[in-house]
Structures are given as structure tokens and as C-alpha cells.
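A.B. asks: After the C-alpha cells below, expect a handful of questions from me.
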Amino acid sequence: MAYYIALVVILPALIPLSQNLGISVLRALNKHRFRSIIYFFIALFNVALSIPLAIRFNGFGAACATGLATCMGQILTMNWFYHRKIGLDIPGYWKQIFPLILKMIVVVAFSAGVIYWIPVSGWLGLILRGIVYVAIYLAAGWLFIWNSYEKNLVTGFVKKLRS
0 MAYYIALVVI
10 LPALIPLSQN
20 LGISVLRALN
30 KHRFRSIIYF
40 FIALFNVALS
50 IPLAIRFNGF
60 GAACATGLAT
70 CMGQILTMNW
80 FYHRKIGLDI
90 PGYWKQIFPL
100 ILKMIVVVAF
110 SAGVIYWIPV
120 SGWLGLILRG
130 IVYVAIYLAA
140 GWLFIWNSYE
150 KNLVTGFVKK
160 LRS
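Position one of the sequence shown corresponds to residue 0 (numbering that gives the first Met the number 0), numbered consecutively onward.
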């Protein structure tokens, strides 16, 4: 159950993390007051919803309340604010990001399927699984996800390591 609780809390938080540049834009424009007010109401909504859901569904209910509050406040409201009031091209952002997210989900699912068959026996098994996962992710990133600029960053880094 702890895994599902973590997923319900973490997954909605990934979207605002990918948009942290918006926070810097708000500060530069001195428009961070709205964000502070929204976060205050997110907290109130979260508490008001978490208590009854926690009573009824324990920790999972509280996690669902947190996930919902995050989606409504940090995702929907802040994306609206970034687009309508600040002028950031949020629809354009999602047009570029969404296909990448879908590709990454496929890569993660494939990697999870592959490492499932690698037996875990102590630290060595865990390290082996990690190496296989990273190798698959890097190969898929190179072949299907990264653009030429990102590939040049990787090759430049590898060249620096070799010299």
C-alpha cells in the first residue's frame, strides 16, 4: 500500500517540478503573490479533504487528497496563471513535452519488464538491475527522445571524460 500512496503523492508533483522555471519568471516580474495565495488555499483544501478521506480510507485517502489538491492548485491553476497572466506559452510547452512523456513511459515500462527477469540477490543483483535500467534508458533516449543539441551535450561530456 505504501507504494501506491507514494505514487499518488509523487506523480502529480512531477508536473510542477518540470515547470520550476515559471517560479523564476514570477519572481523576476514580482508576481509571486498570486502563487503564494494559491499555495495557501491548496494547503487549506488539502487539510479539509485529507481529514475525512483519512478517516474513511486511512493513509491512501490522505494521499489522494494531497494528489487532488496538487492537481487543482499547482497544475491547473498555476498553468492558467502562467499562460493568461504571465504570457508563457503553456500550450506550446505541453505540445513539446507530452510526446516525450509518452516515450519515457514506454521506455520505463520496457526497462521494468527487462529487469524483472534479473534475479535480485543482495547488492550485486540490485546494482546489476540499476546498470541494465540505466543502459536501456540511455540507449532509448539516444535513439528516440533526445534532439541533436542534447546528443551533443552527451558526446561533449564523454569527450571530456576521455581526455
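Even glycine gets a Cβ: it sits at the ideal position worked out from N, Cα and C.
1. Measuring straight from C-alpha to C-alpha, what distance separates leucine 101 and serine 162?
2. In the DSSP assignment, find the alpha helix (DSSP H) that holds serine 17 and state where it starts and stops.
3. Helix, strand or coil for valine 24 per DSSP?
4. Name the residue from Trp122, Phe156, Pro11 and Leu160 whose alpha carbon lies nearest to the alpha carbon of threonine 65.
5. Assign glycine 86 to buried or exposed, taking buried as 16 or more other Cβ atoms, counted over all protein chains shown, within 10 Å of its Cβ.
6. Taking Cβ positions, are isoleucine 4 and phenylalanine 59 nearer each other than 8 Å?
7. Roughly how many whole angstroms lie between the Cα atoms of phenylalanine 156 and isoleucine 54?
8. Tell me which residues share the same chain as arginine 128 and place their Cβ nearer than 6 Å to its Cβ, disregarding the 5 neighbours each side in the sequence.
9. At the level of alpha carbons, what is the spacing between leucine 67 and tyrosine 2?
10. Just mark asparagine 78 as buried or exposed, buried being the case when its beta carbon has 16 or more other beta carbons within 10 Å.
11. Which whole-angstrom value describes the C-beta separation of methionine 103 and isoleucine 74, a residue pair presumed to lie in contact below a C-beta threshold of 8 Å?
12. Quick one: Cα of valine 119 to Cα of isoleucine 126, how far?
13. What separation, rounded to the nearest whole angstrom, lies between the Cα atoms of lysine 150 and methionine 71?
C.D. replies: To lay it out plainly:
1. One alpha carbon belongs to leucine 101, the other to serine 162, and they sit about 36 Å apart.
2. Per DSSP, the continuous alpha helix (DSSP H) segment holding serine 17 begins and ends at 1-17.
3. Residue state, collapsed to three classes: helix.
4. Just measuring C-alpha positions, the residue of Trp122, Phe156, Pro11 and Leu160 sitting nearest threonine 65 is Pro11.
5. The residue is exposed, with fewer than 16 neighbouring Cβ atoms inside 10 Å.
6. Cβ distance < 8 Å, so isoleucine 4 and phenylalanine 59 count as in contact.
7. Linking phenylalanine 156 to isoleucine 54 through their CA atoms gives a straight-line distance of about 52 Å.
8. Answer for arginine 128: Ile114 and Ile117, listed in chain order.
9. CA-CA distance, leucine 67 to tyrosine 2, rounds to 17 Å.
10. By the neighbour-count criterion, in which 16 or more other beta carbons inside 10 Å mark a residue as buried, asparagine 78 falls on the buried side.
11. Incorrect: roughly 18 Å between the Cβ atoms, too far for contact.
12. Roughly 9 Å separates the two Cα atoms.
13. Rounded to whole angstroms, lysine 150 to methionine 71 spans 36 Å at the Cα level.
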